[in-house]
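First up is the structure itself, then whatever we jot down about it.
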Amino acid sequence: MTAIHRHRPPKLHLAAQYFKGVIDGEDFTANIFSITCTAGKWTITGSKVDSNGVTHKLQLSLPSTYGRGIYRLEDEPDIRFTYSTDDLLEPVLRYGFSGLVDFRDIDPSNTHARGGLSDIQTRDDGNPVSNITALFSLG
Numbered sequence: 001m002t003a004i005h006r007h008r009p010p011k012l013h014l015a016a017q018y019f020k021g022v023i024d025g026e027d028f029t030a031n032i033f034s035i036t037c038t039a040g041k042w043t044i045t046g047s048k049v050d051s052n053g054v055t056h057k058l059q060l061s062l063p064s065t066y067g068r069g070i071y072r073l074e075d076e077p078d079i080r081f082t083y084s085t086d087d088l089l090e091p092v093l094r095y096g097f098s099g100l101v102d103f104r105d106i107d108p109s110n111t112h113a114r115g116g117l118s119d120i121q122t123r124d125d126g127n128p129v130s131n132i133t134a135l136f137s138l139g
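UniProt numbering puts the first residue of the sequence shown at 1, with every later residue one more than the last.
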């Protein structure tokens, strides 16, 4: 009797990308993702298109010198956060003012970042203040 052993190729595990959270009490689940690390700067973006065809976009930009850690947005002027929409009747462009940005993993060589946004509040510049919380894993 002969034993036959099949060699199976290793299973590839790809991490699921996500950028999911809440903006002013409304669900934000991005279905368009972008992460780049060029010219010494990270840009992390998550976008979704709602049922009215309006694109909602969260974007985080920061120097690539930042590593794993928790950063207070109000203490880190080099970290830029924006929330925008392309609504023709009521467009939104709001800048993050306070809250926490948490990077669990950030790897420029693999263009990968994982972390979260906690209680981000936008600047009170005459527009309504938005409150944003999200988790992300991109790249």
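All residues carry an ideal CB built from backbone N, CA and C; glycine is no exception.
Exercise for review: Would you mind sorting R72 into buried or exposed? The rule is 16 or more other CB atoms within 10 Å of its CB.
Suggested key: As a first step, residue 72 must be located in the sequence shown, where it is residue number 72. When all chains shown are included, R72 counts as exposed.
Review point. By how many angstroms is the C-alpha of Y18 removed from the C-alpha of N31?
Key: Within the sequence shown, the letter at position 31 stands for residue 31. Within the sequence shown, the letter at position 18 stands for residue 18. Taken atom to atom, the span from the alpha-carbon of N31 to that of Y18 is near 8 angstroms.
Exercise for review: Tell me whether D102 sits in a helix, a strand or coil according to DSSP, three-state version.
Suggested key: Here residue 102 refers to the residue found at position 102 when the sequence shown is read from its first residue. In the three-state DSSP reduction, D102 falls in the strand class (E or B).
Point to revise | Alpha-carbon to alpha-carbon, L89 and E74 | key: Your numbering for residue 74 matches position 74 in the sequence shown. Your numbering for residue 89 matches position 89 in the sequence shown. Their Cα atoms are separated by approximately 31 angstroms.
Review point. Under 8 angstroms between the Cβ atoms of G21 and L117?
Key: For the purposes of this step, residue 21 is taken as residue 21 along the sequence shown, with counting starting at 1. For the purposes of this step, residue 117 is taken as residue 117 along the sequence shown, with counting starting at 1. Contact: yes.
Exercise for review: Note down, in chain order, each residue of its chain lying with its Cβ closer than 7 angstroms to the Cβ of D86, except the 5 sequence neighbours on either side.
Suggested key: For the purposes of this step, residue 86 is identified with residue 86 of the sequence shown, where counting begins at 1. Contacts found: V54, T55.
Exercise for review: Check each candidate in R114, A134, N127 and name the one with the smallest Cα separation from I120.
Suggested key: Residue mapping note: residue 120 aligns to position 120 of the sequence shown, counting from 1. Nearest neighbour of I120 by Cα position, chosen from R114, A134, N127, turns out to be A134.
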